[in-house]
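In my numbering, the protein residues as written are 66 to 431.
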C-alpha cells in the first residue's frame with residue numbers, strides 16, 4: 066500500500082520551476098535551430114520529447130526509496146567505469162572526441178551518467194564516515210581513488226568539461242562533509258606541480274589553445290577564439306530588452322557556433338536582453354536555493370549528502386556554462402542544465418531532479 070504522505074509531501078512547486086526552465090529552453094532551441102533550414106523545429110520537438118521522457122524518469126525515481134541508491138552505488142560505479150573503457154575502444158567519434166556509445170536505436174554518454182553515480186558513491190562513503198574533526202588525508206585516499214579512475218577515463222575521450230564537473234561535484238561534497246585544514250593545505254600545495262605536469266604532458270594542443278584563447282581570444286579570431294568572440298557579441302548585442310524572438314542576427318545568420326547546445330544562453334541573451342537573462346538567472350537561483358533547502362530539511366546524513374551533490378551538479382553546470390558564454394571561463398563544452406539541447410544531459414538533470422523530489426517526499430520517514 067502506498068503511503069499517502071508521499072503525495073502530500075511531493076514538492077509540486079519545485080517540479081513546476083524545473084518545467085518552466087525546460088519550457089523556456091525548448092522555445093529557445095526552436096529559435097536557435099530556425100536558421101538551420103526553413104523554420105526547422107525538429108530540434109525543439111526532440112527536446113520536448115526528452116523533457117517528457119525526463120518527466121517519466123522523475124516519476125520512476127520518486128517511486129523508490131532513495132536509500133536504495135546507497136545499496137547499488139558501487140555496482141553502478143563499476144558498470145559505468147566499464148562502459149567508459151568501452152567508449153575508448155569502440156565509442157562513436159564526433160568532432161574529434163570519442164564520447165558516445167551507439168546502441169542501434171539510441172546513443173548516450175556514459176560520462177554524463179557518471180555525474181549521478183559519483184554523487185551516489187561519495188554520499189555512501191561520506192555518510193558512513195565515523196571520524197571526528199573532519200576528513201584527514203588518510204580518509205581521502207579511498208574517495209580520491211574512486212574519483213581518479215572515471216576522471217582520467219573521461220579526460221582520455223577527451224572531455225575536459227565533464228571531467229572537471231565530476232571533480233567539482235566530488236570536491237563540493239567533501240567540503241560539505243568537512244575536511245581538516247591540514248589536509249586542505251597539503252592538497253593545495255600538491256596541486257601546484259600537478260597543474261604544471263598536466264599542462265606540459267597531459268592536455269592536448271586544442272585544449273591548451275582554448276585556455277590561451279580564453280585569456281586572449283583575439284590571438285586567433287577565426288580559429289579557436291571564434292566561439293568566445295561571437296558569443297560575447299551575441300550577448301552584448303541583446304542590450305536591455307533584446308532583439309525579439311527569432312530576431313537575433315548572430316543566431317539567424319549563423320555566426321554563433323553550437324548555438325542550440327553549448328551556446329544556447331547566448332541565443333537567449335541576444336533575443337531577450339538583460340531583463341530576460343535576469344529572469345532566467347533568478348529561476349536558476351531559486352532552483353539552487355530550493356535544492357539546498359531540501360538538503361537542510363532532510364533528516365538523515367545520506368539524504369543530505371545526495372541533495373548537496375545533486376545541487377552542486379546543477380550549480381557547477383550553470384556557473385561554468387554561463388561563465389563560458391560571456392568569456393569568464395574557457396570553452397569546455399558544458400551544457401546549461403534543462404536549457405541546452407541534448408538528450409543525455411536532459412536525462413541526467415531530470416534524474417537529479419527526481420532524487421531531490423524523492424528526498425523531499427521522504428524526509429518525514431527518517
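Glycine residues also receive a C-beta, built at the ideal position from the N, C-alpha and C atoms.
Using a 10 Å radius around the Cβ and a threshold of 16 neighbouring Cβ atoms, would you call residue i buried or exposed?
i, result
"residue 349", "buried"
"residue 258", "exposed"
"residue 129", "exposed"
"residue 301", "exposed"
"residue 393", "exposed"
"residue 154", "exposed"
"residue 88", "exposed"
"residue 107", "exposed"
"residue 180", "buried"
"residue 125", "exposed"
"residue 401", "buried"
"residue 307", "buried"
"residue 78", "exposed"
"residue 381", "buried"
Grab me the residues of residue i's own chain with a C-beta within less than 8 Å of its C-beta, minus the 5 sequence neighbours each way, in chain order.
i, result
"residue 103", "Confidence is the limiting factor: at residue 103 the pLDDT is only 45, short of 50, which leaves the residue's position unreliable, though a coordinate-based value still follows. No residues qualify anywhere along the chain."
"residue 96", "310, 311, 313, 316, 332 and 336"
Going by Cα to Cα distance, which pick from the options is closest to residue i?
i, options, result
"residue 223", "199, 256, 150 and 190", "150"
"residue 121", "413, 426, 95 and 427", "413"
"residue 316", "331, 305, 211 and 239", "331"
"residue 192", "411, 369, 322 and 95", "369"
"residue 320", "424, 291 and 112", "291"
"residue 327", "403, 79, 235 and 238", "403"
"residue 340", "367, 366, 322 and 309", "309"
"residue 247", "419, 74 and 200", "200"
"residue 395", "82, 225, 134 and 117", "225"
"residue 417", "218, 306, 353 and 168", "353"
"residue 244", "147, 164 and 198", "198"
"residue 49", "351, 307 and 324", "In the structure as shown, the chain begins at 66 and stops at 431. Residue 49 is therefore absent and cannot be evaluated."
"residue 411", "117, 73, 99 and 359", "117"
So, at 7 Å on beta carbons, what are the nonlocal neighbours of residue i in its own chain, with the 5 sequence-adjacent residues on each side left out?
i, result
"residue 251", "202"
"residue 356", "372, 375, 376, 379 and 421"
"residue 216", "228, 231 and 232"
"residue 131", "368, 371, 420, 423, 424 and 427"
Can you grab the Cα-Cα spacing for the pair residue i / residue j, in whole Å?
i, j, result
"residue 406", "residue 329", "8 Å"
"residue 294", "residue 137", "45 Å"
"residue 178", "residue 337", "32 Å"
"residue 240", "residue 363", "18 Å"
"residue 345", "residue 424", "25 Å"
"residue 189", "residue 304", "47 Å"
"residue 93", "residue 312", "12 Å"
"residue 175", "residue 144", "10 Å"
"residue 114", "residue 237", "32 Å"
"residue 256", "residue 398", "24 Å"
"residue 80", "residue 254", "42 Å"
"residue 171", "residue 249", "43 Å"
"residue 299", "residue 207", "45 Å"
"residue 83", "residue 165", "26 Å"
"residue 66", "residue 75", "Summary for residue 66: the model assigns pLDDT 44, below 50, so the residue's position carries little reliability; its value from the coordinates is reported in the next sentence. Cα-Cα distance, rounded: 17 Å."
Is residue i close to the ligand GDP? I mean its beta-carbon at under 8 Å from any heavy atom of the ligand.
i, result
"residue 339", "For the structure depicted, the ligand GDP is absent and the ligand set is empty, with no information on it obtainable."
Tell me which same chain residues have a C-beta within less than 6 Å of the C-beta of residue i, skipping the five on either side of it?
i, result
"residue 415", "119, 122 and 123"
"residue 366", "192"
"residue 91", "109, 112 and 113"
"residue 212", "235"
"residue 342", "334"
"residue 147", "none"
"residue 409", "173, 174 and 177"
task = Output the residue ranges of the alpha helix (DSSP H) runs that lie fully inside the region 128-163 and measure 4 residues or longer, sorted by chain position.
result = 133-155
query = What are the start and end residues of each continuous alpha helix (DSSP H) run of 4 or more residues lying completely inside the region 209-245, in chain order?
reply = 225-242
Contained alpha helix (DSSP H) runs [length at least 4] in the region 323-371, N- to C-terminal order = 329-362
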